[in-house]
Amino acid sequence: MKKIATLACVSTLALTGAAMAQDSIKIGVPVFLSGAAAGPFGEPEKNAAELMFDALNAGEVPAPYNSMGIGGRMIDATFIDEASDAVVEYRNLVERTGVEAVIGYTSSGNCKSVAPVAEELETFTIFVDCGTPQVFEDVVTEPKFLFRTGPTATPDAVGAARYLRDSGYDLSRVAGINQNYAWGQDNWRDFTGALDALGTESKYVSNQMPQLGAGQYGAEVSALLTSSPNVVYNSFWGGDLEAFVLQAAPRGLFARSAVLMTCGEALFPAVGKNIPEGAIVSARGPFSVFAPENDLSTWFAAAYEERFGEYPTYPAWKMAQAVLGAKAAYAKAGEGATAADAAAAMTGLEFEAPSGIVKMANANGHQAIQGIGFGTVTQVDGKPTVENVKFYEAECVSPPADMRAEDWIASGFEGAVCE
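In this text, residue positions in the sequence shown follow the numbering used here: the first is 7, and each later residue adds one.
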């Protein structure tokens, strides 16, 4: 997969400067353009954003998004590198570049840093990924301008526990390897809590927490092998996940244990042929190989593959979803809507996406809930796909709107609706 060398770029989307200045909406798009996360996350997110902006400006997205632009205005997008100082670059986008809205961010750490600034600057902001529940549970508890159109990590962990139990895996000895910051810590807490709530009586034999971006996992893989787990839970993402698979598979970890990788689908283009068969993966929601069949999903997958030469991984789907969420909010707000109007309209909104219906149901209408699928990897003609798929609806794996994720899991999933 090619690297993205550009640190910042402006997409004019084939519009003349005069037309852009007269009738445009300026949107800032922070994605990883450098570093280990650029290939598996930044590139597909940037690709998807460019595809969506171009298609929206041309009126080529299927209904209900077949009107041109956003809020009747052409999109003028500024891409910045999320690998830079997130808070400084966010302020630059708003105060210097003059963007009206911001759509982006992958890292939970960056989202936690940017969240209060978005509210301070009263800027309509949509987080694309960054799964930590802490964003709305601890950092910004009464949001007005900040939204996240993808689900938190809680459905990843709860869905993983349900999938392993429902599929008959031996859960007597469980280990984990997760990055040592909010994202990985939340994942391991919620996963082990979910297993306990499901009554699996699991023994947790190893909890490895390397630093984000460590890159070398020899010691951690040795510790996992020594502890002899039946199941290993892994929430790595980006270059860390690629490195883990390439280091752990040759040493036999995947052969000895069932390894579940919540972000595993993002590996498919880069190292897919090296993912051992039987590894368990998800796409952090109803994305990519777990997406429903509808007009938007068919169009998006085909348009992305035609333009970029490969099937879109889940970061691309989540970016497309965030962009469509913004368009839906402006459409609901009505002609001449401001960013503040769009933020008010997006609160509690339900909108269509390639992943199906997105419900902004939690965090006072600012946090999306969606279901999640898991499956085991199988190689077909040297390319990975999934089989043995189970899907869990949002109401089964997400806390009610008035409960913290940790408390909901500890309650035994109070109010959960699982078929």
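Each residue gets a CB set at the ideal place from its N, CA and C atoms; glycine is no exception. What you are looking at is a predicted structure, and each value in this text was computed from that prediction instead of being measured.
Pairs of beta-carbons, one from the stretch 372-391 and one from the stretch 174-188, closer than 8 Å: are there three or more?
no
When you compare only the Cα positions, how much space is there between V108 and T131?
As a first step, residue 108 is located in the sequence shown; it is residue number 102 there, counting from the start. As a first step, residue 131 is located in the sequence shown; it is residue number 125 there, counting from the start. So the two alpha carbons sit approximately 5 Å from each other.
Can you check the stretch 174-203 for any alpha helix (DSSP H) of at least 4 residues that lies completely inside it and give the ranges in chain order?
188-203
Under the DSSP definition of a beta bridge, which residues are partnered with L259?
Working through the sequence shown from its first residue, we reach residue 259 at position 253. None, per the DSSP bridge assignment.
What residue from E101, V100, G284, Y96 has the CA that sits closest to K118's CA?
For the purposes of this step, residue 118 is identified with residue 112 of the sequence shown, where counting begins at 1. Among E101, V100, G284, Y96, the Cα nearest to that of K118 belongs to Y96.
Starting from Q385, follow the beta strand (DSSP E) in both directions and report where the run begins and ends.
What you label residue 385 is simply residue 379 of the sequence shown in a count that begins at 1. Run containing Q385: 378-386, per the beta strand (DSSP E) assignment.
From C269 to A346, what distance separates their C-alpha atoms?
By 1-based counting over the sequence shown, the position of residue 269 is 263. By 1-based counting over the sequence shown, the position of residue 346 is 340. Straight-line Cα distance between these residues: approximately 33 Å.
Alpha carbon to alpha carbon, how far is N240 from C136?
Looking up residue 240 in the sequence shown gives position 234. Looking up residue 136 in the sequence shown gives position 130. Rounded to whole angstroms, N240 to C136 spans 16 Å at the Cα level.
Indicate the three-state DSSP secondary structure (helix, strand or coil) for F38 in the structure shown.
Start at 1 with the first residue of the sequence shown, and residue 38 comes out as number 32. Of the three classes helix, strand and coil, the one that applies to F38 here is coil, per DSSP.
If T319 sits next to E271, beta carbons under 8 Å apart, how far is it from one beta carbon to the other, in whole angstroms?
Within the sequence shown, numbered from 1, the residue matching residue 319 stands at position 313. Within the sequence shown, numbered from 1, the residue matching residue 271 stands at position 265. With a Cβ gap of about 6 Å, T319 and E271 count as contacting.
Going along the chain, which residues of its own chain have a beta-carbon closer than 7 Å to the beta-carbon of T198, five neighbours each way excluded?
Taking the sequence shown and counting its residues from 1, one reaches residue 198 at position 192. Same-chain partners within the cutoff: Y210.
Identify every run of the beta strand (DSSP E) within the stretch 76-117, keeping only runs that are complete inside it and at least 3 residues long; order them along the chain.
80-87, 107-110
Start and end residues, alpha helix (DSSP H) containing P68
One-based indexing of the sequence shown puts residue 68 at position 62. Taken as a continuous stretch (DSSP letters only), P68 belongs to no alpha helix (DSSP H), as it is neither H nor E.
Same chain only: Cβ atoms within 7 Å of L330, ignoring 5 sequence neighbours per side
As a first step, residue 330 is located in the sequence shown; it is residue number 324 there, counting from the start. Answer for L330: Y71, F357, A359, listed in chain order.
Inter-stretch contact at 8 Å, needing at least 3 Cβ pairs: the stretch 289-309 / the stretch 36-46
no
Using the Cα positions of Q191 and M74, report the straight-line distance between them to the nearest angstrom.
For the purposes of this step, residue 191 is taken as residue 185 along the sequence shown, with counting starting at 1. For the purposes of this step, residue 74 is taken as residue 68 along the sequence shown, with counting starting at 1. Using only the alpha carbons, I get a separation of about 42 Å.
According to the neighbour-count rule (16 or more other Cβ atoms, all chains shown, within 10 Å of its Cβ), is K324 buried or exposed?
Sequence index remark: in the sequence shown, residue 324 carries index 318 (1-based). When all chains shown are included, K324 counts as buried.
Range covered by the alpha helix (DSSP H) that runs through K279:
Your numbering for residue 279 matches position 273 in the sequence shown. From DSSP, K279 is part of no alpha helix (DSSP H); its letter is neither H nor E.
Euclidean distance between Cα positions of F260 and V383
Position 254 of the sequence shown, counted from the start, is the residue given in the question as residue 260. Position 377 of the sequence shown, counted from the start, is the residue given in the question as residue 383. Approximately 12 Å between the Cα atoms of the pair.
Given this structure, state the Cα-to-Cα distance separating A14 from D87, to the nearest angstrom.
In the sequence shown, residue 14 corresponds to position 8, counting from 1. In the sequence shown, residue 87 corresponds to position 81, counting from 1. Here the model assigns A14 a pLDDT of 40, short of 50, so the residue's position is not dependable and the matter cannot be decided.
Within the chosen definition, does the stretch 332-351 reach the stretch 394-401 through at least 3 CB pairs nearer than 8 Å?
no
Please identify the residue among A264, F293, A249 whose C-alpha is closest to the C-alpha of A276.
Taking the first residue of the sequence shown as position 1, residue 276 is located at position 270. Answer by Cα proximity: A249.
Helix, strand or coil at L218 [DSSP, three-state]:
Here residue 218 is taken as the residue at index 212 of the sequence shown, counted from 1. In this structure, L218 counts as coil in the three-state DSSP scheme.
Would you call E128 buried or exposed, if buried means 16 or more other Cβ atoms sit within 10 Å of its Cβ?
Your numbering for residue 128 matches position 122 in the sequence shown. Result: exposed.
Report the CB separation of A83 from V35 in whole angstroms; it is logged as a contact under 8 Å.
Walking along the sequence shown from the start, residue 83 turns up at place 77. Walking along the sequence shown from the start, residue 35 turns up at place 29. The pair is a contact, with the Cβ atoms about 6 Å apart (cut-off 8 Å).
Less than 8 Å between the beta carbons of Y317 and A307, yes or no?
Here residue 317 refers to the residue found at position 311 when the sequence shown is read from its first residue. Here residue 307 refers to the residue found at position 301 when the sequence shown is read from its first residue. In this structure, A307 lies closer than 8 Å to Y317 by Cβ.
State the start and end residues of the unbroken alpha helix (DSSP H) segment that holds G244.
Walking along the sequence shown from the start, residue 244 turns up at place 238. Counting along the chain, the alpha helix (DSSP H) containing G244 begins and ends at 244-254.
Helix, strand or coil for L330 per DSSP?
For the purposes of this step, residue 330 is taken as the residue at position 324 of the sequence shown. L330: helix per DSSP, three-state reduction.
Decide if R6 is buried, meaning its Cβ has at least 16 other Cβ atoms within 10 Å, or exposed.
Since the first residue shown for the chain is 7 and the last is 425, residue 6 is missing from the structure and cannot be characterised.
Whole angstroms is fine: what's the gap from R154's alpha carbon to M366's?
Position 148 of the sequence shown, counted from the first residue, corresponds to residue 154. Position 360 of the sequence shown, counted from the first residue, corresponds to residue 366. In a straight line, the C-alpha of R154 is about 8 Å away from that of M366.
Any idea what DSSP makes of P318, helix, strand or coil?
By 1-based counting over the sequence shown, the position of residue 318 is 312. In this structure, P318 counts as coil in the three-state DSSP scheme.
Suppose the cutoff is 6 Å on Cβ atoms and the five residues either side in sequence are ignored; what does the same chain contact list for A254 look like?
Walking along the sequence shown from the start, residue 254 turns up at place 248. Result list for A254: V227, in chain order.
Under 6 Å Cβ to Cβ from P149, same chain only, skipping five residues before and after it: list those, please.
Looking up residue 149 in the sequence shown gives position 143. H372.
Below 8 Å CB to CB, which residues in the same chain sit around N186 once its five sequence neighbours on both sides are set aside?
Within the sequence shown, the letter at position 180 stands for residue 186. Hits under 8 Å: M215, P216, Q217, L218.
Could you spell out where the beta strand (DSSP E) holding G362 opens and where it closes?
Translated into the one-based positions of the sequence shown, residue 362 becomes position 356. G362 -> beta strand (DSSP E) spans 362-368.
Can you say whether G244 is buried or exposed, counting buried as having 16 or more other CB atoms within 10 angstroms of its CB?
Within the sequence shown, numbered from 1, the residue matching residue 244 stands at position 238. Flag for G244 reads buried.
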